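Written out below as structure tokens is the structure these notes cover.
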Amino acid sequence: MSQTILIIGGGIAGLCSALTLQQIGMKVKVYERSTEPTVAGAGIIIAPNALQALKPYGISDEIIRQGFPSDGFHLLSDRGQPITKLAVPAEYGSLYSIHRKDLHHILLSALSPGTVEWGKPLQQLEQKDHHVRAVFRDGTQAVGDLGIAADGIHSHIRKQLTLQDTYRYAGYTCWRGVVAAHDIPGLSDRFIETWGTKGRFGIVPLPGNQVYWYALINARQGDPQIANYTVEDLHHLFKNYHDPIPDLLLRTAAHDMIHRDIVDITPMERFYSDRVAFVGDAAHAITPNMGQGACQAIEDARVLAECLRIHCNNQSAFADYDARRRERIEQISNQSWKIGKMAQSESVLFTSIRNRLMKHAPQSIGRSQAERLYKFQM
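Rendered as structure tokens:
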């Protein structure tokens, strides 16, 4: 007899969980607080490991069809000089950039009609001996055999059920935007990240002749002056960086710029609590320095479904899910944190030494790291 699973959160983690669970015959309902499928964000990069995880469902083919491919990231100095290339080994395929809204639409289209209920902010998730009950702020309720917390980095369910909420501010803050790619001198079809003492700047082409950019600078958490930065402020900060960085900022409309401080959470002691499993940022929010936040949420969804498929006992399934995911998540989380600290250095001496070491590092080291990152394993 198939189980009914309540998923709280209709982002990438929640929709992917719904997709993988429906494919193994589970009855799934997703409850999302937003009143309609609007997605905040700009672009997103889907790496080969996530594409491998999604391949059985036809989603990978659609991402490849709609996305913009790249064989890796080019790291440059603020003057545009090459530091190194973070290449994807050819046998793993490519990175694909895609609009977040397009990825969201692809996932929604793959679900059974009526899977998602919109405008359902959660009040409380109750766990009983044989079921879970979701109580929503509109007074309605839903009952299921199991629950999945996919409600993001500020997970209400994580706070309620586990009392674990160990946020770490990374020491830097981020802006993102999307602009039209028409007639911008110096713009190429390469994925680029520039490291300089004033901050980092990423440039990622998107389908539809657009480009996604992001900028990261060191700052105090919640600094009101930083929070009020305008496009002009960012342009002043990065005006001496190589082309097309200054021009991209000048072409960005204020309402198209998104800002947030960068935080992660210490991975939970267990990625489940009785009858509720945690996926994505709700379980292990990761700094964005390796482009793996969404990718690891996708892996979570695939592995969790597999564990529920092969185990008759739910607790055994959740324990297996935790065991399969823990080492990989902790490794990526720690590595991403260290990369951020190294990349955000404002020391002229350190950045000079860092860039030289990275430029002359053996390619075998980078390849070995890439193989571990881009290989998806159940």
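In UniProt numbering, the protein residues as written are 1 to 378.
Ideal Cβ placement from N, Cα and C applies to all residues, glycine included.
Being a predicted model, the structure only gives us computed values, none of them experimental.
Task: Top-ranked residue by Cα proximity to residue 301, from 13, 5, 4 and 7 - done: On the sequence shown, residue 301 is found 301 positions in, with the first residue counted as 1. Among 13, 5, 4 and 7, the Cα nearest to that of residue 301 is on 13.
TODO: Rounded to whole angstroms, what's the CA-CA distance from residue 22 to residue 145? Just pull it up for me.
DONE: Your numbering for residue 22 matches position 22 in the sequence shown. Your numbering for residue 145 matches position 145 in the sequence shown. Using only the alpha carbons, I get a separation of about 15 Å.
Open item on the list: For the pair the region 288-299 and the region 124-144, tell me if three or more CB-CB distances fall below 8 Å.
Closed with: no
Open item on the list: Can you tell me whether residue 99 is buried or exposed? The criterion is at least 16 other CB atoms within 10 Å of its CB, across all chains shown.
Closed with: Counting from one through the sequence shown, the residue named residue 99 turns up at place 99. Per the 10 Å Cβ criterion, buried.
Open item on the list: To the nearest angstrom, how far is the alpha carbon of residue 155 from that of residue 183?
Closed with: Residue mapping note: residue 155 aligns to position 155 of the sequence shown, counting from 1. Residue mapping note: residue 183 aligns to position 183 of the sequence shown, counting from 1. About 42 Å.
TODO: Rounded to whole angstroms, what's the CA-CA distance from residue 348 to residue 63? Just pull it up for me.
DONE: By one-based count along the sequence shown, residue 348 stands at place 348. By one-based count along the sequence shown, residue 63 stands at place 63. Their backbone Cα atoms lie some 40 Å apart in a straight line.
- [ ] Give the DSSP-derived three-state secondary structure of residue 16 in the structure shown.
- [x] For the purposes of this step, residue 16 is taken as the residue at position 16 of the sequence shown. Note: residue 16 maps to helix in three-state DSSP.
Open item on the list: Measuring CB atoms only, is the region 216-224 touching the region 90-110, in the sense that at least three cross pairs come out at less than 8 Å?
Closed with: no
Task: Where residue 264 sits in the DSSP three-state scheme - done: For the purposes of this step, residue 264 is identified with residue 264 of the sequence shown, where counting begins at 1. Reduced to three states, the DSSP call for residue 264 is strand.
Open item on the list: Output needed for residue 27: all residues of its chain with C-beta closer than 6 Å, excluding positions within five of it in sequence on either side, in chain order.
Closed with: As a working mapping, residue 27 is identified with position 27 in the sequence shown. Answer for residue 27: 2 and 4, listed in chain order.
Open item on the list: Helix, strand or coil for residue 193? Go by DSSP, reduced to three states.
Closed with: Residue 193 sits at position 193 when you count from the first residue of the sequence shown. Of the three classes helix, strand and coil, the one that applies to residue 193 here is strand, per DSSP.
TODO: Please list, in chain order, all residues of the same chain as residue 332 whose beta carbon is under 8 Å from its beta carbon, the five residues on each side excluded.
DONE: In the sequence shown, residue 332 corresponds to position 332, counting from 1. Hits under 8 Å: 286, 290, 292, 296 and 373.
Open item on the list: Suppose the cutoff is 7 Å on Cβ atoms and the five residues either side in sequence are ignored; what does the same chain contact list for residue 273 look like?
Closed with: For the purposes of this step, residue 273 is taken as the residue at position 273 of the sequence shown. Within the same chain, residue 273 has close Cβ partners 161 and 162.
Task: Cβ pair residue 264, residue 170 closer than 8 Å - done: For the purposes of this step, residue 264 is identified with residue 264 of the sequence shown, where counting begins at 1. For the purposes of this step, residue 170 is identified with residue 170 of the sequence shown, where counting begins at 1. Closer than 8 Å, so yes.
Open item on the list: Please report the straight-line C-alpha distance between residue 77 and residue 43, rounded to a whole angstrom.
Closed with: As a position in the sequence shown, residue 77 is number 77, starting the count at 1. As a position in the sequence shown, residue 43 is number 43, starting the count at 1. Each residue's Cα considered, the two are about 23 Å apart.
Open item on the list: Residues in the same chain with beta-carbon distance under 6 Å from residue 245, minus the five sequence neighbours each way, listed in chain order, please.
Closed with: Within the sequence shown, numbered from 1, the residue matching residue 245 stands at position 245. Apart from the 5 residues on each side of it in sequence, residue 245 sits with its Cβ closer than 6 Å to the Cβ of 201 and 238 in its chain, given in chain order.
TODO: Mind checking who residue 177 pairs with in its DSSP beta bridge?
DONE: What you label residue 177 is simply residue 177 of the sequence shown in a count that begins at 1. Paired residue(s): 213.
- [ ] Label residue 143 either buried or exposed according to how many other C-beta atoms from any shown protein chain fall within 10 Å of its C-beta, with 16 as the threshold for buried.
- [x] Numbered from its first residue, the sequence shown carries residue 143 at position 143. Label assigned to residue 143: exposed.
Task: Cut-off 7 Å between Cβ atoms - residues of its own chain near residue 189, not counting five sequence neighbours on either side - done: Within the sequence shown, residue 189 is the residue found at index 189, counting from 1. Cβ within range, chain order: 205.
Open item on the list: Assuming contact is defined by CB atoms lying nearer than 8 Å, are residue 149 and residue 276 in contact in what I supplied?
Closed with: Your numbering for residue 149 matches position 149 in the sequence shown. Your numbering for residue 276 matches position 276 in the sequence shown. Yes, Cβ-Cβ distance for residue 149 and residue 276 is below 8 Å.
- [ ] Note down the Cα distance separating residue 209 from residue 313, rounded to an integer number of angstroms.
- [x] As a working note, residue 209 is residue 209 in the sequence shown. As a working note, residue 313 is residue 313 in the sequence shown. When rounded, the distance between both Cα atoms is 50 Å.
Task: residue 360 - containing beta strand (DSSP E), residue span - done: Within the sequence shown, numbered from 1, the residue matching residue 360 stands at position 360. It is not in any beta strand (DSSP E) - residue 360 carries neither H nor E in the DSSP assignment.
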